[in-house]
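FYI, in mature numbering (1 follows the signal peptide of the UniProt record, and there is no 0) the residues of the sequence shown are -17 to -1, 1 to 203. Glycine residues also receive a C-beta, built at the ideal position from the N, C-alpha and C atoms. Report on one structure; see the data block that follows.
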Amino acid sequence: MLFLAFLTLVRLFHVVPITVKQEAFTLPTVGYRLTGTELKTKYTQSTFFCANECVRLDECLAYNYKHENGTCQLMATADLSTAEPDDDFQIIRKKLTCIDQPCMHGGTCQDEPTSVYDVRGYRCTCPCGRCGPNCDKLHFGQVENACIYLFNAGYQKVESQQECMSFCWDTQGCRSADYINSQGACWLNSVTGDEEPLTMDCDKWYPGVAYLFFNCTCDA
């Protein structure tokens, strides 16, 4: 009877181990320790068991591990710019995948192998006008002294071309913009220069004007 009761307790409190795949983490950055928000510190038998603890916490993005005594520091950051030299530690960072929804601004995500030192286990395909690993960078070109007439889609005072195109990105129906530097004026267009011909001498009336358009080709 006591034996049956013991088996029942074992079943109740048994923790199902999580299988940690090697490709779920980067290779160690040896001789450094992450600083910043530490979620918790544990003491484990090996870096594998520390990785297992990190996988259990959604907030855990990396861990510091000290082989000498099994110190396992679970961290809420994986930013190596916060790392400090420490010969006793190594940093292992969790790889991000599409399940983490890393692609911004309508970018589509595809899981794929990357460098063993890269936290990205995915690749984003960005919409026209967005670039960067997570489609986080606004990408546009300009034609100086040019503008588009009669297809206005909005207006706002801004301080830069970047701010003007951010305004365009966030405004439904905006396809391009005319930025007048001398006035700090951003005029949105409902068409692009490929659809309607540009007026090439707008600087006669609007000194410092430039036609801005979303660039679909990202730098390699």
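Leaving aside the five residues before and after residue i along the sequence, list all residues of the same chain whose C-beta is less than 6 Å from its C-beta, in chain order.
i, result
"residue 151", "157, 160 and 171"
"residue 189", "163"
"residue -4", "With a pLDDT of 38 at residue -4, under the threshold of 50, the modelled position of that residue is not reliable, and the figure given next carries that caveat. Around residue -4: no qualifying Cβ."
"residue 186", "128 and 192"
"residue 199", "111"
Just list the residues that DSSP pairs residue i with in beta bridges.
i, result
"residue 163", "168 and 192"
"residue 21", "58"
"residue 158", "Looking at the DSSP assignment, residue 158 forms no beta bridge with any residue, so it has no partner."
"residue 12", "74"
"residue 91", "108"
"residue 182", "130"
"residue 79", "103"
Is residue i buried or exposed, if buried means 16 or more other CB atoms sit within 10 Å of its CB?
i, result
"residue 8", "buried"
"residue 73", "buried"
"residue 56", "buried"
"residue 180", "exposed"
"residue 102", "buried"
"residue 131", "buried"
"residue 183", "exposed"
"residue 16", "buried"
Let me check you understand the geometry: is the CB of residue i closer than 8 Å to at least one non-hydrogen atom of the ligand ADP?
i, result
"residue 195", "Judged by which ligands are present, the structure shown has none, so any question about the ligand ADP falls away."
Check for me: the alpha helix (DSSP H) holding residue i runs from which residue to which?
i, result
"residue 36", "30 to 39"
At which residues does the beta strand (DSSP E) containing residue i begin and terminate?
i, result
"residue 71", "66 to 76"
"residue 49", "45 to 49"
Among residues of its own chain, excluding the 5 on either side of residue i, which ones have a beta-carbon nearer than 8 Å to its beta-carbon?
i, result
"residue 29", "53"
Tell me which same chain residues have a C-beta within less than 7 Å of the C-beta of residue i, skipping the five on either side of it?
i, result
"residue 154", "136, 137 and 171"
"residue 49", "71 and 72"
Worksheet entry | Completely contained beta strand (DSSP E) runs for the stretch 94 to 150, where each covers 3 or more residues | 105 to 108, 123 to 127 and 135 to 140
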